[in-house]
Amino acid sequence: MPKFLLISFSLLLFTLSVLPAQDNPFFSNNKSKEDAAAVKQETPAPRYPVFIQQWLTALNGIQRELNNRLSSLIRQIVEKQDPFTLFSLLVIAFLYGVIHALGPGHGKIIITSYAISNPLKARQGIALGVFISVIHTLSAIILVVTIYFLLKVSFIKYATEPKQVIALISYSLFILMGCYLLIKGIWAFRRKKAACGCAAHTEPVAASRLKHLFLPALAIGIIPCDGTILLLVFAISVQALWIGILLAVVMSVGMALTISLIGLITIGSKRGSLKIIAGKEGKKDRRRLLNFILETAGSVFIILMGLILLFSNLIN
Amino acid sequence: MRLCLKKGPAVIFYFLSGCFFIFAHPHVFMESSLVFQMNEAGLENVEIRWTFDEMFSSMIINDYDANKNERFEPAEVTAIKNGAFNNLRNFNYFLYIKYDNKNYPVKSVLNFNAEITGHRLVYIFTVPVTIPVAADYKELKFGVFDSSYYCQIDYRKKEPVQVKDNPAVKYEYALLDDKENAYWGGQIIPKIIQLKFKKNDA
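So the sequences go chain by chain: L and V.
In this text, residue positions in the first sequence follow my numbering: the first is 31, and each later residue adds one.
In this text, residue positions in the second sequence follow my numbering: the first is 1417, and each later residue adds one.
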């Protein structure tokens, strides 16, 4: 029982660490919630250790400096094309992508839940991170280029609605994906159990092939990245669209590194936990049962996240 | 219990290594400066100035500087106020104001203006905060932060706070970490201005 409580507590902590990405408050279509700010400030916040708060403040200071350096170097390279400035730009764009993807809204909670609810290998975790990052960046490039060069309309006025529609599609795909994983897992568990009448012979579902990862990557990555959008809009404003696209690609490499690493950590965490609970060679029946429980919990979590995000956006 | 002591911490470690902290990250970076205006009756209002990063600035300038003359005409300022400012009323204009331990809600702002300074967008507006002076020190806490953390708001390094004083009022102020109002899941500690003022008996 104590181990079960430990696992439950860890899963709860995991769930509580989720914080969703936010819309731009300057021009989002949130309903009036005048008391929201006051109410929020009355509610006591959970206490992180001071050293973590200080470290996060320092990290955000680094992001601000990277943001400033990116914009000033882009201006510089437009005026004077030299290799050193370009190299500096590429390095900063990569670092900005790495740090940027640590923040909310880049599919990390879904990739984590997906890795828990699927028996993924390490290379599949990396591939999923890369696919998400590529689609996330491509989505931003397509949106910006369409609005500025094809439609030639106000970005702020005409980008908000498509982004909201894309977000609703993404959250719906989360729900469908979660339902599919849940049904697949339960079906496999019941089929094997019916064959021999015991949970011991329940084999884990075969690891997904690389091509099967494209759909979850699309569901997660289809929402355009705001950071990439701002970079591209700035590049267009200084007549440097192609530099903006190049930097967006480099930024996506940085984001892919972060997201893949998170996928790998999750895959490793799951395997490590199963080994510790069930032991290396023995208690296979317990290990398989726990594996089924974890995968089911992961699928249910994806469905719940999708429902919460979908309905909160519909209400707004 | 022995098993719990041996395996429990390891299980927690493995799960927590997957339970990464969601590091807060904003998309827009702003610098804020404040001017507290006093009169003989007490505090009259607070003038706020926000300077934005170049990337967000270019988005607004691109869309609202219709004649591309690198400054905002009155009609353009009105368009910015309607399209890229008024929605902040849903976020209390990023203002946290507490007087005598009670929240001071911001219903509206005055004298909104938008400028372009060195490729950067600047918003200037006035918040009516009318607090009468008393014989004893009264404390006002005033903070500027976005608790949704889409924006990172720092105070300007040089003279972040000014007080346009009045001989009838005695005051003192300090810029402090407000641990009680840590936001974004308790990860970020905002800085607030603690302003104390009273009737000048001298």
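Every residue, glycine too, gets a C-beta built ideally from N, C-alpha and C.
Keep in mind it's a predicted model, so treat the numbers as computed, not measured.
Quiz item: Hey, does S1564/V have any beta-carbon neighbour from chain L nearer than 8 Å?
Solution: Working through the second sequence from its first residue, we reach residue 1564/V at position 148. It does: the Cβ of S1564/V has a partner Cβ on chain L nearer than 8 Å.
Self-check item: Sub-8 Å separation of I1608/V and Y1589/V beta-carbons
Solution: Translated into positions along the second sequence, residue 1608/V becomes position 192. Translated into positions along the second sequence, residue 1589/V becomes position 173. Their beta carbons are not under 8 Å apart, which means I1608/V does not touch Y1589/V by this criterion.
Self-check item: Identity of the residue in Q111/L, A265/L, F114/L and A123/L nearest R94/L by Cα
Solution: Indexing the first sequence from 1 puts residue 94/L at position 64. The shortest C-alpha separation from R94/L is found at A123/L.
Quiz prompt | Where I1532/V sits in the DSSP three-state scheme | solution = Sequence index remark: in the second sequence, residue 1532/V carries index 116 (1-based). Three-state DSSP puts I1532/V in a strand.
Quiz item: Of the residues F1445/V, D1552/V, L1459/V and K1484/V, which one's Cα is nearest the Cα of M1471/V?
Solution: What you label residue 1471/V is simply residue 55 of the second sequence in a count that begins at 1. Nearest C-alpha to M1471/V: F1445/V.
Quiz item: Do you know offhand how far L203/L's Cα is from I139/L's?
Solution: Counted from its first residue, the first sequence places residue 203/L at position 173. Counted from its first residue, the first sequence places residue 139/L at position 109. Each residue's alpha carbon lies about 15 Å from the other.
Quiz prompt | At least three beta-carbon pairs within less than 8 Å, the region 1483 to 1492 of chain V to the region 1519 to 1532 of chain V | solution = yes
Quiz prompt | Cβ-based burial, R318/L [other Cβ within 10 Å; buried from 16] | solution = Sequence index remark: in the first sequence, residue 318/L carries index 288 (1-based). Buried is the call here.
Exercise. Using a Cβ cut-off of 8 Å (strictly closer), state whether F1439/V contacts chain L.
Key: Start at 1 with the first residue of the second sequence, and residue 1439/V comes out as number 23. Reliability of the predicted coordinates at F1439/V is poor, the pLDDT of 43 falling under 50, and the value obtained from them is presented with this limitation in mind. For F1439/V, the answer is yes, since a Cβ of chain L falls inside 8 Å of its Cβ.
Quiz prompt | Contact with chain V by D256/L, beta-carbon distance below 8 Å | solution = Looking up residue 256/L in the first sequence gives position 226. Yes, D256/L counts as interfacial toward chain V.
Quiz item: Taking a cut of 8 Å between CB atoms, which residues from the region 1461 to 1493 of chain V lie near chain L?
Solution: D1469, E1470, M1471, F1472, S1474, M1475, I1476, I1477, N1478 and D1479
Quiz item: CA-CA distance, N1704/V and I273/L?
Solution: Here chain V has residues from 1417 to 1618 only, and residue 1704/V is not among them.
Practice problem: Measuring only between beta-carbons, confirm whether L150/L sits less than 8 Å from chain V. | Solution: Here the question's residue 150/L lines up with position 120 in the first sequence. Answer no: the Cβ-Cβ gap between L150/L and chain V never drops below 8 Å.
Quiz item: Taking the C-alpha atoms as reference points, what is the distance between R214/L and P254/L?
Solution: Residue 214/L sits at position 184 when you count from the first residue of the first sequence. Residue 254/L sits at position 224 when you count from the first residue of the first sequence. It should be noted that the sequence gives Lys, not Arg, for residue 214/L. Looking at the backbone, the Cα of K214/L and that of P254/L are separated by about 30 Å.
Quiz item: Using a C-beta cutoff of 8 Å, does I1605/V count as contacting chain L?
Solution: Position 189 of the second sequence holds residue 1605/V. Yes - at least one Cβ of chain L is within 8 Å of the one on I1605/V.
Quiz item: Helix or strand or just coil, what does DSSP make of E72/L?
Solution: Locating residue 72/L in the first sequence gives position 42, where the first residue counts as 1. Note that E72/L scores a pLDDT of 44, beneath 50, so its modelled location is shaky and nothing firm can be said.
Quiz item: What residue range is occupied by the uninterrupted alpha helix (DSSP H) comprising T266/L?
Solution: To locate residue 266/L, count along the first sequence from 1; it is residue 236. Per the sequence presented here, residue 266/L reads as Ile, with Thr not at that position. In this chain, the alpha helix (DSSP H) harbouring I266/L covers D256 to S267.
Quiz item: Under 8 Å Cβ-Cβ, which residues of chain L neighbour F1501/V?
Solution: Here residue 1501/V refers to the residue found at position 85 of the second sequence. Within 8 Å Cβ-Cβ: F56.
Quiz item: So Y126/L is in the alpha helix (DSSP H); what residue range does that whole segment cover?
Solution: As a position in the first sequence, residue 126/L is number 96, starting the count at 1. Here the alpha helix (DSSP H) through Y126/L covers P113 to H130.
Quiz item: CB I165/L to CB G251/L, shorter than 8 Å?
Solution: One-based indexing of the first sequence puts residue 165/L at position 135. One-based indexing of the first sequence puts residue 251/L at position 221. Yes, these two residues count as a Cβ contact at 8 Å.
Quiz item: Just to confirm, does H166/L get its C-beta within under 7 Å of one of the non-hydrogen atoms of the ligand GDP?
Solution: For the structure depicted, the ligand GDP is absent and the ligand set is empty, with no information on it obtainable.
Quiz item: Taking just the CA atoms, how far does G91/L sit from I1605/V?
Solution: As a position in the second sequence, residue 1605/V is number 189, starting the count at 1. As a position in the first sequence, residue 91/L is number 61, starting the count at 1. Going from the Cα of I1605/V to the Cα of G91/L covers about 13 Å.
Self-check item: Contact belief for V174/L with I259/L at Cβ below 8 Å, rounded distance in angstroms
Solution: Start at 1 with the first residue of the first sequence, and residue 174/L comes out as number 144. Start at 1 with the first residue of the first sequence, and residue 259/L comes out as number 229. Rounded to whole angstroms, the Cβ separation of V174/L and I259/L is 6 Å, and the two are in contact under 8 Å.
Quiz item: Rounded to whole angstroms, how far is the Cβ of I141/L from the Cβ of L340/L, which I believe are closer than 8 Å?
Solution: Residue numbering aside, residue 141/L sits at position 111 when the first sequence is read from its first letter. Residue numbering aside, residue 340/L sits at position 310 when the first sequence is read from its first letter. Actually they are not in contact, since the Cβ atoms of I141/L and L340/L sit about 19 Å apart, beyond 8 Å.
Self-check item: Rounded straight-line distance, which links the Cα of E325/L to that of F1431/V
Solution: Here residue 1431/V corresponds to residue number 15 of the second sequence, with the count starting at 1. Here residue 325/L corresponds to residue number 295 of the first sequence, with the count starting at 1. With a pLDDT of 47 at F1431/V, under the threshold of 50, the modelled position of this residue cannot be trusted, and the question is left open.
Quiz item: Out of I1569/V, Q1568/V, E1463/V and I1540/V, which has the shortest C-alpha to C-alpha gap to T1494/V?
Solution: Taking the second sequence and counting its residues from 1, one reaches residue 1494/V at position 78. T1494/V has its Cα closest to that of I1540/V, out of I1569/V, Q1568/V, E1463/V and I1540/V.
Exercise. Find the nearest neighbour of K187/L within the set D1581/V, A1500/V, N1527/V and D1469/V, judged by alpha-carbon distance.
Key: To locate residue 187/L, count along the first sequence from 1; it is residue 157. If we check each option's Cα against that of K187/L, A1500/V comes out closest.
Quiz item: Which bits of chain V does F185/L rub up against, with CB to CB less than 9 Å?
Solution: Counting from one through the first sequence, the residue named residue 185/L turns up at place 155. Near F185/L (Cβ distances below 9 Å), the residues of chain V are M1475, N1478 and D1479.
Quiz item: Since I332/L is in the alpha helix (DSSP H), which residue starts that stretch and which ends it?
Solution: Locating residue 332/L in the first sequence gives position 302, where the first residue counts as 1. That run of the alpha helix (DSSP H) goes K314 to I345.
Self-check item: Bridge-paired residues (DSSP) for M1454/V
Solution: Position 38 of the second sequence, counted from the start, is the residue given in the question as residue 1454/V. Answer is L1459/V, bridged to M1454/V.
Exercise. Let me know if I172/L comes out buried or exposed under the rule of 16 or more other beta-carbons within 10 Å of its beta-carbon.
Key: Residue 172/L sits at position 142 when you count from the first residue of the first sequence. Exposed, because fewer than 16 other Cβ atoms sit within 10 Å of the Cβ of I172/L.
Exercise. Go through its chain and collect everything with a Cβ distance to G127/L's Cβ below 6 Å, but skip five positions before and after it.
Key: Stepping through the first sequence from its first residue, residue 127/L is reached at position 97. Contacts found: M281, G284 and M285.
Self-check item: Under 8 Å from the C-beta of Q1568/V: neighbouring residues of chain L
Solution: To locate residue 1568/V, count along the second sequence from 1; it is residue 152. Per Cβ cutoff of 8 Å: N90, Q93 and R94.
Quiz item: If contact means a Cβ-Cβ distance below 7 Å, which residues of the region 98 to 115 of chain L contact chain V?
Solution: The residues in question are N98 and S101.
Quiz item: For P192/L, does the three-state DSSP call read helix, strand or coil?
Solution: For the purposes of this step, residue 192/L is taken as residue 162 along the first sequence, with counting starting at 1. It is helical.
Self-check item: 8 Å Cβ cutoff met for G155/L and G293/L
Solution: One-based indexing of the first sequence puts residue 155/L at position 125. One-based indexing of the first sequence puts residue 293/L at position 263. Yes, the Cβ-Cβ distance between G155/L and G293/L is below 8 Å.
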